[in-house]
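In our numbering, the protein residues as written are 394 to 511. C-beta atoms are modelled at their ideal positions from N, C-alpha and C, and glycine is treated no differently. Here is the structure we will look at, set down as structure tokens.
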Amino acid sequence: MQAYKIMHGLWGMGQMMFTKYLIVVDDECLRTATDMHNTSEVLFRLCANTDPQRDSIFTKGPSDVLDHATSEIASGSKLGLDATKKILGEGFKRPWPPLIKMDQQVREKITALFGKAT
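This is how it looks when you write it as structure tokens:
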């Protein structure tokens, strides 16, 4: 529910009302990434932390008059995705699993076997 509050708050702030897609991540994502615009980290959280039915919201609102994708001028839909770790009361009925990370030795072995990721 916290992520939905953030989404609606952002959509209600000036020019942010024209944003069609919002993905909300938690501070753990920002601690592990050196850059908050790290697309790989955000996509990982999106895939690891979301259930499409529980964690997405469609809504309608203002859109840019220059947006040709909307069916009406200056009005369109928006999609918000909650890619946060779930807390009590957010529909998750079991303990949230910890993030699994490879240690440096495993990373080095994989790099030696398969080369550096591009």
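Close Cβ partners of residue i (< 8 Å) along its chain, the five nearest in sequence each way excluded
i, result
"Glu-421", "Lys-478, Leu-492"
First and last residue of the uninterrupted beta strand (DSSP E) at residue i
i, result
"Thr-432", "Here Thr-432 belongs to no beta strand (DSSP E); instead the alpha helix (DSSP H) covers 432-442."
"Pro-455", "449-455"
"Gly-469", "468-475"
"Leu-415", "414-417"
Beta-carbon separation (whole angstroms), residue i vs residue j, contact threshold 8 Å
i, j, result
"Asp-448", "Leu-474", "6 Å"
"Gly-509", "Lys-471", "The question names Gly, but residue 509 in the sequence shown is Lys. So it is not a contact: roughly 38 Å between Cβ atoms."
"Phe-411", "Ser-456", "6 Å"
N- and C-terminal bounds of the alpha helix (DSSP H) containing residue i
i, result
"Val-499", "497-507"
"Pro-402", "For the record, residue 402 in the displayed sequence is Gly; it is not Pro. Residues 395-404."
Nearest candidate by alpha-carbon position, reference residue i, set the options
i, options, result
"Ser-468", "Met-400, Asp-419, Lys-453, Gly-405", "Lys-453"
"Met-394", "Pro-455, Asn-431, Leu-481, Thr-463", "Leu-481"
"Glu-483", "Glu-434, Thr-443, Leu-439, Leu-459", "Thr-443"
"Trp-404", "His-461, Phe-451, Glu-501", "Phe-451"
Cβ-based neighbour list, residue i, same chain, cut-off 7 Å, excluding 5 preceding and 5 following
i, result
"Phe-485", "Lys-479"
"Trp-489", "Lys-478, Lys-479"
Own chain residues within Cβ distance below 6 Å of residue i, not counting five before or after
i, result
"Asp-419", "Thr-477, Lys-478"
Alpha carbon of residue i to alpha carbon of residue j, nearest angstrom
i, j, result
"Thr-504", "Lys-494", "15 Å"
"Gln-408", "Ile-399", "15 Å"
"His-430", "Leu-439", "14 Å"
"Gln-498", "Arg-424", "22 Å"
"Lys-502", "Tyr-397", "41 Å"
"Ala-441", "Val-417", "13 Å"
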